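Visitor: Chains as they are written, first to last, in this note's numbering: chain A, 2 to 229; chain B, 1253 to 1551. Ideal Cβ placement from N, Cα and C applies to all residues, glycine included. This one's a predicted model, so the numbers in the text were calculated from it and none came from an experiment. Before I ask anything, let me first share the structure, which is written out below as C-alpha cells.
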C-alpha cells in the first residue's frame, strides 16, 4: 500500500474479508456434518447442524454490520467499494448455504431411524456433497487470490454437481412401487436439490470475484438464458 | 494577452461584465429569455494540449479534455497538482498573474478563447468564476452586489429590467426568500453560505455560458455546503459547470464527470491522469494513481 495511509482502515477491511471468507469454511463444515448425518442416518448430528447454524448467522450479522460501519464512516470507493459490495454478497451466500444444510438436516428425522434407503442414491448424494465442498474451497481460494480463471472454473465444477443431481432424480424415478421407499427417495431428492443449490451459491461467489477484479458484473451462467 | 498585473479584485469585477456579444469572435450569446425553471443548452469548453507556466515554472502539462455542456465536471487532485491553475486558464484569469502564460488551445464551442484579438474581458463574461471564499463587495448592498456585473458593463439597464434580473438571479441561487426584504442591506451581513450564494447570484446575473467554481464550499459548514451542492445540481440545466474541489465526497455527490490531476513529484508539472463519468472514477477507475487518490491512499 503506497504511503502507508489509512492503515487501520485497510487492516479492518482485510480482517472483514478474512472473516467473511471464513464463513465459507463454516458452511463447508456444516455441509460435512450434514453429509455424515445422511450417511449414518444420524439424527443427533443433524440436530447439532441445525443448532450450530446460529454461528453462521452470527458471522453474517457481525461482518455485515462491520461492513455497513465501514461504508458509513470511511467512504470507501473504487476497489474497496467493490470489495465491500462483493463481501456483502458472499455473506448472503454463506448464510443461504447454512440454511440449505439446516433444511436437509431437518428432513433426516422424517425418514425414520432405519429408513428403506437405497445405497446407490446415498452414494450419489455423498458424491454430490463432496464435489460441492470442493466448489466451496475453490470459491474461497479464487476470492482470496482474486483469480478470475479459478472463479470461472467453478461453472465447470458445478456442472458435475448438476449432473449428479439429475442422476439422483433418475434413481428416484426408478425406486420401485414400495410407498416407504418412494417417500424416502422423495425426501432424499429434496436434500440433493439443497446441495445443488449450495453449488450454485459457490458459483455466485465466483461471480463476485470477477466483479471485484474487473468492476463488471455478469452471471457466469444465466439460468433464464442458458445458451448465453 | 491583456490585463497582466491586474489585481484579483479587478479580475473578479471583470467576471461580472455584461457585454452581450464577443465581437471579435463572433460568439453569439444565448437568449436571456429562458424560463427560470427550464433548461437551456450551454456551451462546451474544450482544451487541447494545454501547458501552463508561471515564468519558468511549468505548472500544468499537456491537458486535453472537454468540459461538457450542462454537466458538472469536477477537477480533483492533491494540492499543487495544477487543478486551480488549469481552472483559471479556462476564463483567461491565469494570465493575470505576472509572468504567467498559456500554451495550447482552449475553445468555447469551437472558438479559441486565446486567439489574437479576443477580448479577455468578454471571455470572462461568458465564463464566470466563483471563488473559494465568499467575496461579496463589502460596501455594496445585496441588490448592488448582484447587479454589479450589469452596472459595470451595460451602462443603461432599465431599473425594472435590473430588478427582474436581480430577483431571477437571487432565486436561481436559492437566496431570494432569505434576502428579499433586505435587498438594501450590505452583502457582508449575510452568513458564509448566503454570501457564497450571493456570489453565485452575481455570477449568473450576467447569464454566462460556463461557471467555474474554485472550491466554492471549502469555507462553508456542512449544511451550507449541501445547499450549494443542490444549487450546483440545478444550475447545470442552464450552465456548463467546472468545479475544483478537495472534497472527494463532494465530487462524487455533485459532479457528472470527474477529472483527476496529479503530479509525479514536486517540481514536475501537473497532468490530467484520467477523466470519466464520476460513477466510473469512484467505482472502477482505469488508472492505479486515480484508485490510490480516491481511496485516500495517496502518499
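Quick one: measure Cβ to Cβ for residue 29/A and residue 137/A, integer angstroms, because I've assumed they're closer than 8 Å.
Guide: Sequence index remark: in the first chain, residue 29/A carries index 28 (1-based). Sequence index remark: in the first chain, residue 137/A carries index 136 (1-based). At roughly 5 Å, the Cβ-Cβ gap stays under 8 Å, so residue 29/A and residue 137/A are in contact.
Visitor: Beta-carbon within less than 7 Å of residue 1/A's beta-carbon, same chain only, minus the 5 sequence neighbours each way: which residues are those?
Guide: Any answer about residue 1/A is impossible in this case: the structure gives chain A only from 2 up to 229.
Visitor: Let me check understanding here. Comparing Cα to Cα, which of 186/A, 78/A and 54/A lies closest to residue 10/A?
Guide: Mapped onto the first chain, residue 10/A falls at position 9. Selected option, being the one with the closest Cα: 78/A.
Visitor: Along the segment 63 to 88 of chain A, where does the CB come closer than 7 Å to a CB of chain B? Name the residues.
Guide: 76, 78, 79, 80, 81, 82 and 83
Visitor: Comparing C-alpha positions only, which one of 22/A, 166/A and 107/A sits nearest to residue 141/A?
Guide: Counting from 1 along the first chain, the entry for residue 141/A is found at position 140. The residue with the shortest Cα to Cα distance from residue 141/A is 22/A.
Visitor: Spatial neighbours of residue 191/A within its chain, please: C-beta separation below 7 Å, excluding the five flanking residues on both sides.
Guide: Mapped onto the first chain, residue 191/A falls at position 190. 108.
Visitor: Within 8 Å of any Cβ in chain A, is that where the Cβ of residue 1324/B sits?
Guide: The residue you call residue 1324/B lines up with position 72 of the second chain. No - not a single Cβ of chain A is within 8 Å of the one on residue 1324/B.
Visitor: May I ask you to report which of helix, strand or coil DSSP gives residue 176/A?
Guide: Residue 176/A sits at position 175 when you count from the first residue of the first chain. It is coil, neither helix nor strand.
Visitor: What are the boundary residues of the alpha helix (DSSP H) that residue 88/A is part of?
Guide: Taking the first chain and counting its residues from 1, one reaches residue 88/A at position 87. Unbroken alpha helix (DSSP H) run through residue 88/A: 79 to 108.
Visitor: I want to know whether the segment 1305 to 1319 of chain B touches the segment 1426 to 1441 of chain B - three or more CB-CB distances under 8 Å.
Guide: Taking one beta carbon from each stretch, the segment 1305 to 1319 of chain B and the segment 1426 to 1441 of chain B have fewer than 3 pairs nearer than 8 Å; the two do not touch.
Visitor: Taking Cβ positions, are residue 200/A and residue 133/A nearer each other than 8 Å?
Guide: Taking the first chain and counting its residues from 1, one reaches residue 200/A at position 199. Taking the first chain and counting its residues from 1, one reaches residue 133/A at position 132. Result yes, Cβ atoms of residue 200/A and residue 133/A sit closer than 8 Å.
Visitor: Could you pull out every residue in the same chain whose Cβ sits closer than 8 Å to the Cβ of residue 1473/B, ignoring the five residues on either side in sequence?
Guide: Here residue 1473/B is taken as the residue at index 221 of the second chain, counted from 1. Result list for residue 1473/B: 1444 and 1445, in chain order.
Visitor: Taking all protein chains shown into account, decide if residue 226/A is buried (16 or more other Cβ within 10 angstroms of its Cβ) or exposed.
Guide: Walking along the first chain from the start, residue 226/A turns up at place 225. Burial call: exposed.
Visitor: Does any residue of chain A have a CB that is nearer than 8 Å to the CB of residue 1502/B?
Guide: Counting from one through the second chain, the residue named residue 1502/B turns up at place 250. Residue-level contact check: residue 1502/B does not touch chain A, since none of the beta carbons of chain A fall below 8 Å from its beta carbon.
Visitor: Is it the case that the Cβ atoms of residue 1427/B and residue 1414/B are separated by a distance below 8 Å?
Guide: Here residue 1427/B is taken as the residue at index 175 of the second chain, counted from 1. Here residue 1414/B is taken as the residue at index 162 of the second chain, counted from 1. Not closer than 8 Å, so no.
Visitor: Evaluate residue 1346/B with the Cβ neighbour count: other Cβ atoms within 10 Å of its Cβ, from every protein chain shown; 16 or more gives buried, anything less gives exposed.
Guide: Here residue 1346/B refers to the residue found at position 94 when the second chain is read from its first residue. Answer is buried; the Cβ neighbour count reaches 16.
Visitor: Can you find the residues in the same chain that come closer than 8 Å, C-beta to C-beta, to residue 64/A, ignoring five residues on each side of it along the sequence?
Guide: Counted from its first residue, the first chain places residue 64/A at position 63. Excluding sequence neighbours, residue 64/A sits near 17, 20, 21, 24, 88 and 92.
Visitor: How is the beta strand (DSSP E) around residue 1307/B delimited, first residue to last?
Guide: On the second chain, residue 1307/B is found 55 positions in, with the first residue counted as 1. From DSSP, residue 1307/B is part of no beta strand (DSSP E); its letter is neither H nor E.
Visitor: Does the beta-carbon of residue 1301/B have 16 or more other beta-carbons within 10 angstroms, so that it is buried, or is it exposed?
Guide: Against the second chain, residue 1301/B aligns to sequence position 49. Its Cβ having fewer than 16 others within 10 Å, residue 1301/B is exposed.
Visitor: Three Cβ pairs or more, each shorter than 8 Å: is that satisfied between the segment 1359 to 1366 of chain B and the segment 1325 to 1339 of chain B?
Guide: no
Visitor: Using a threshold of 8 Å, state whether the C-beta atoms of residue 1382/B and residue 1468/B are closer than that.
Guide: Counted from its first residue, the second chain places residue 1382/B at position 130. Counted from its first residue, the second chain places residue 1468/B at position 216. Their beta carbons are under 8 Å apart, which means residue 1382/B touches residue 1468/B by this criterion.
Visitor: Would you say residue 231/A reaches chain B, if we count a Cβ-Cβ gap shorter than 8 Å as a contact?
Guide: Here chain A comprises residues numbered 2 to 229, so residue 231/A is not present and cannot be evaluated.
Visitor: Measuring alpha carbon to alpha carbon, tell me which of 76/A, 55/A, 41/A and 157/A ends up nearest residue 119/A.
Guide: Residue 119/A sits at position 118 when you count from the first residue of the first chain. The residue with the shortest Cα to Cα distance from residue 119/A is 41/A.
Visitor: So that I know if they touch, is there some Cβ in chain A lying closer than 8 Å to that of residue 1529/B?
Guide: Residue mapping note: residue 1529/B aligns to position 277 of the second chain, counting from 1. Not a single C-beta of chain A is nearer than 8 Å to the C-beta of residue 1529/B.
Visitor: Taking residue 1527/B as part of the beta strand (DSSP E), name the residues at either end of that continuous run.
Guide: Start at 1 with the first residue of the second chain, and residue 1527/B comes out as number 275. Per DSSP, residue 1527/B belongs to the beta strand (DSSP E) from 1523 to 1529.
Visitor: Looking at residue 155/A: is its Cβ nearer than 8 Å to the Cβ of residue 203/A?
Guide: Start at 1 with the first residue of the first chain, and residue 155/A comes out as number 154. Start at 1 with the first residue of the first chain, and residue 203/A comes out as number 202. The answer is yes: Cβ separation under 8 Å.
Visitor: Is it a yes or a no for the segment 41 to 61 of chain A touching the segment 172 to 179 of chain A, going by three-plus beta-carbon pairs under 8 Å?
Guide: no
Visitor: By Cβ distance below 6 Å, which residues in the same chain neighbour residue 1539/B in space, the five residues on each side in sequence not counted?
Guide: Position 287 of the second chain, counting from 1, holds the residue named residue 1539/B. Only 1525 and 1526 meet the Cβ criterion.
Visitor: Just to make sure I have the definition right: I need the residues of chain A whose C-beta is within less than 8 Å of the C-beta of residue 1477/B. Which are they?
Guide: Residue numbering aside, residue 1477/B sits at position 225 when the second chain is read from its first letter. Result: empty, since nearest Cβ-Cβ is about 15 Å, beyond 8 Å.
Visitor: Measuring only between beta-carbons, confirm whether residue 1288/B sits less than 8 Å from chain A.
Guide: To locate residue 1288/B, count along the second chain from 1; it is residue 36. For residue 1288/B, the pLDDT reaches just 43, beneath the cut-off of 50, and the residue's location in the model is therefore unreliable, although a value from the coordinates is still provided. With 8 Å as the cut-off, residue 1288/B does not count as an interface residue toward chain A.
Visitor: Which first and last residues belong to the beta strand (DSSP E) in which residue 1379/B is found?
Guide: On the second chain, residue 1379/B is found 127 positions in, with the first residue counted as 1. Residue 1379/B -> beta strand (DSSP E) spans 1379 to 1382.
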